[in-house]
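Numbering (the numbering used here), first residue to last: 821 to 1106.
For glycine and all other residues, C-beta sits at the position ideal for the given N, C-alpha and C.
Owing to the predicted nature of the structure, the values given are computational and were not obtained by experimental measurement.
Take a look at the structure below.
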């Protein structure tokens, strides 16, 4: 039988003896593994050597996790610094809360540092990594499903998501006096919408890279500009608490700024690529 709604887990953590295995962390780790694997394959076509992607990823992943957590804590300060907040909870990444904007920004900076140390062109690495990073975002979004978080408004659509009242510290649903998990209702699965969007974005990036000859850095620019398009729509569907600026969620404004940055990167790298192609024939005739 086909369920009337999409179910959510009643527990986001599995205990193997004294070792807690959290679904959120597993999704993040799986996304990283897939991104590194795909980037390694794509980097080989750009003249990369075995092991270089792993060396760069060591810098990018650590910086990305730190950046993602910093963005989340800064833009959602109440659980940590507000009334009744717990500052030490800012370090509990396994409970959820990684802002993609901070993750990409500091992750890119970490990748730049890694590329300089390894001797890889940063734009080559960024182009190779872009589709894998998008896929990693999508896989990571399933961590929100495990934590019963990041959903939209109520809905009676067949793909509505059942959400439980959640105890983030324990990593499981709150239970009533009868021992049954408390259900809050059925909501739009915005985590699933974003998963589908970034998977489509990754497919488009792979197709564009195969069909067209882009300048170095342009594919990365397309990724930067492409992701916010879907994120703005999905962000406006979400109902969780968020900082508001001029009546709009902070992430909506961030999406607009990131989109403009992506367009600027695409245009700038394209112009630089054309100038390079114009100079090379002149140099070769000397």
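Worksheet item: Whose C-alpha, out of 990, 991, 1080 and 983, is nearest the C-alpha of residue 1059?
Response: 983
Worksheet item: Using the beta-carbon count (16 or more within 10 Å), is residue 951 buried or exposed?
Response: buried
Worksheet entry | Helix, strand or coil at residue 825 [DSSP, three-state] | coil
Worksheet item: Expressed to the nearest angstrom, what Euclidean distance is found between the alpha-carbon atoms of residue 1035 and residue 1006?
Response: 46 Å
Worksheet item: Is residue 979 helix, strand or coil when you go by DSSP?
Response: coil
Worksheet item: Can you list, in chain order, the residues of its chain whose CB lies under 7 Å from that of residue 828, leaving out five sequence neighbours each side?
Response: 965, 968, 981, 982, 983 and 984
Worksheet item: At which residues does the alpha helix (DSSP H) containing residue 859 begin and terminate?
Response: 843-864
Worksheet item: Is it the case that the Cβ atoms of residue 1015 and residue 970 are separated by a distance below 8 Å?
Response: no
Discussion item. Does the contact criterion of 3 or more C-beta pairs under 8 Å hold for the stretch 1076-1084 versus the stretch 1037-1054?
Written reply: yes
Fill in: Boundaries of the beta strand (DSSP E) in which residue 1004 is found, first to last residue
1003-1007
Practice prompt. In the DSSP assignment, find the alpha helix (DSSP H) that holds residue 892 and state where it starts and stops.
Written response: 872-895
Practice prompt. Name the residue from 1042, 894 and 1002 whose alpha carbon lies nearest to the alpha carbon of residue 831.
Written response: 1002
Worksheet item: For residue 986, which beta-bridge partners are listed by DSSP?
Response: 993
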